[in-house]
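Asks: Structure incoming, see below.
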Amino acid sequence: MNRSRKMSVQRKQQAAGWAFLTPATLLIAIMSFYPIIQAIYTSFTVGAGAKITMADPWYNNYVRMFKDKMFMRSVGNTFLYLLIQVPIMLILAILLAQILNNKDLKFRGFFRTCIFLPCATALVSYALIFKSLFATEGLINHVLVSLHILKENYNFLGNPGSAKAVIIIALLWRWTGYNMVFYLAGLQNIEYSIYEAAKIDGANAWKSFWHITVPLLRPTIIMTVIMSINGTLQLFDESVNLTAGGPANSTITMSHYIFNNSFGSGVSNFGYAAAMSFFVFILVAILAMINMKVGDTRD
Numbered sequence: 001m002n003r004s005r006k007m008s009v010q011r012k013q014q015a016a017g018w019a020f021l022t023p024a025t026l027l028i029a030i031m032s033f034y035p036i037i038q039a040i041y042t043s044f045t046v047g048a049g050a051k052i053t054m055a056d057p058w059y060n061n062y063v064r065m066f067k068d069k070m071f072m073r074s075v076g077n078t079f080l081y082l083l084i085q086v087p088i089m090l091i092l093a094i095l096l097a098q099i100l101n102n103k104d105l106k107f108r109g110f111f112r113t114c115i116f117l118p119c120a121t122a123l124v125s126y127a128l129i130f131k132s133l134f135a136t137e138g139l140i141n142h143v144l145v146s147l148h149i150l151k152e153n154y155n156f157l158g159n160p161g162s163a164k165a166v167i168i169i170a171l172l173w174r175w176t177g178y179n180m181v182f183y184l185a186g187l188q189n190i191e192y193s194i195y196e197a198a199k200i201d202g203a204n205a206w207k208s209f210w211h212i213t214v215p216l217l218r219p220t221i222i223m224t225v226i227m228s229i230n231g232t233l234q235l236f237d238e239s240v241n242l243t244a245g246g247p248a249n250s251t252i253t254m255s256h257y258i259f260n261n262s263f264g265s266g267v268s269n270f271g272y273a274a275a276m277s278f279f280v281f282i283l284v285a286i287l288a289m290i291n292m293k294v295g296d297t298r299d
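Quick look at the structure:
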């Protein structure tokens with residue numbers, strides 16, 4: 001009797017669990033998995049509107065992207081931002097977190113808020129702000145000319161090298177504080193007594209940072225690296241709103257080029273855009289797996 005009652009209770013609990021899980025599962029399947037499957041199918045098609053047909057051969061869009069010089073340029077630009085901006089941003093974030101985690105530092109909350117505030121700025125708004133700052137008649141030019149660093153106003157957004165530098169500076173300003181918060185959370189889980197013991201043993205600040213802070217923050221570092229790579233490979237707002245991909249498409253990113261093929265070129269090419277999107281997805285997955293493999297210290 002007790003056994004049957006126990007089984008009845010277990011079945012009720014299982015039924016309740018499925019009752020809660022089923023709506024969310026259906027929504028995820030309809031809103032996420034179905035669009036993914038549909039996008040995979042679309043990546044093997046050509047044409048637009050009612051004239052969409054299967055590509056011949058079926059992998060034509062995937063071959064085409066590697067022959068597309070503009071797409072290859074967008075890949076190169078995106079990886080340039082990735083290789084320069086991500087390391088600098090994460091190093092700055094962890095150093096700022098280390099400084100602001102000092103219990104003897106006054107106004108810690110104020111400084112943390114100031115550094116984190118750029119993250120609360122809308123992506124479009126901050127891109128437009130940087131566009132006005134680095135304009136030929138903008139504030140940056142005015143300051144540099146006033147300090148006699150430049151003889152005349154410089155067209156930062158009209159030259160490929162400086163336009164890319166502006167995008168990198170904007171990304172650093174926007175996202176450094178965001179990553180700093182993760183490192184702060186990780187640092188606050190490290191017992192301060194560990195640093196005191198290391199100090200008694202003669203370890204200086206650098207040794208404590210390198211041999212205590214970095215190893216204990218390894219999971220957080222891996223997480224921020226993966227998120228930063230993911231975000232940079234999908235970089236869109238800065239390319240569109242800050243430089244419009246210019247000059248002469250020298251700053252265009254993969255996501256910007258995908259958008260142009262989908263909505264911005266007059267004739268939509270969703271099949272080709274879907275194929276390029278899956279290329280970005282594969283890149284994100286591969287780089288994330290590499291980071292997790294490198295960061296895995298288990299025997």
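With the working numbering, the residue at position 225 of the sequence shown is 225, and numbering never jumps. We treat Cβ as the ideally placed atom computed from N, Cα and C, and that holds for glycine.
1) Can you list, in chain order, the residues of its chain whose CB lies under 8 Å from that of TYR195, leaving out five sequence neighbours each side?
2) Are at least three pairs of beta-carbons, each pair with one atom in the region 170-189 and one in the region 79-95, less than 8 Å apart?
3) Quick check on TRP206: buried or exposed, where buried means 16 or more other Cβ atoms within 10 Å of its Cβ?
4) Compute the Euclidean distance between the alpha carbons of ASP299 and ASN291, then round it to the nearest angstrom.
5) Who are the near neighbours of VAL86 in its chain, counting only those whose CB is closer than 8 Å to its CB and skipping five residues on each side?
6) Pull up the DSSP beta-bridge partners for MET54, would you.
7) At the level of alpha carbons, what is the spacing between PHE111 and TYR192?
8) For ASP201, count the other beta carbons within 10 Å of its own beta carbon; 16 or more makes it buried, fewer makes it exposed. Which is it?
9) State the DSSP-derived secondary structure class of ASP299, mapped to helix, strand or coil.
10) Could you tell me whether the Cβ atoms of ASN77 and THR243 are closer together than 7 Å?
11) State the Cα-Cα distance for the pair CYS119 and ARG174, rounded to the nearest angstrom.
12) Which same chain residues end up closer than 7 Å to LEU144 when comparing Cβ atoms and leaving out the 5 residues on each side of it in sequence?
13) Beta-carbon within less than 8 Å of SER277's beta-carbon, same chain only, minus the 5 sequence neighbours each way: which residues are those?
14) I'd like to know whether the C-beta atoms of THR251 and LYS164 end up nearer to each other than 7 Å.
15) State the start and end residues of the unbroken alpha helix (DSSP H) segment that holds GLN98.
16) Could you give the residue range of the alpha helix (DSSP H) that holds LEU144?
17) What residue range is occupied by the uninterrupted alpha helix (DSSP H) comprising ASN230?
18) If you drop the 5 nearest sequence neighbours on each side, which residues of the same chain put their C-beta closer than 7 Å to that of ARG300?
19) Under a Cβ-count criterion, where at least 16 other Cβ atoms within 10 Å of its own Cβ denotes burial, should ASP237 be classed as buried or exposed?
20) For SER268, tell me which candidate among TYR154, ALA16, SER32 and ILE52 has the shortest Cα-Cα distance.
Replies: Considering the structure as presented:
1) Cβ neighbours of TYR195 within its own chain (closer than 8 Å, five residues either side excluded): SER208 and ILE212.
2) yes
3) exposed
4) Here ASP299 scores only 49 on pLDDT, less than 50, and its place in the model is too uncertain to base an answer on.
5) VAL225, SER228, ILE229 and THR232
6) THR45
7) Straight across, the Cα-Cα distance linking PHE111 with TYR192 is about 21 Å.
8) exposed
9) Residue confidence for ASP299 is low, a pLDDT of 49 falling below 50, so the modelled location carries little weight; the figure read from the coordinates is stated next. Of the three classes helix, strand and coil, the one that applies to ASP299 here is coil, per DSSP.
10) no
11) As the crow flies, the alpha-carbon of CYS119 is around 6 Å from that of ARG174.
12) Excluding positions up to five away in sequence, the list reads LEU150.
13) ALA39, SER43 and ILE258
14) Judged by beta-carbon spacing, LYS164 lies within the 7 Å limit of THR251, meaning their Cβ atoms are closer than that value.
15) 69-100
16) 139-146
17) 218-233
18) Because the chain in this structure spans residues 1 to 299, residue 300 falls outside the shown range and cannot be described.
19) buried
20) ILE52
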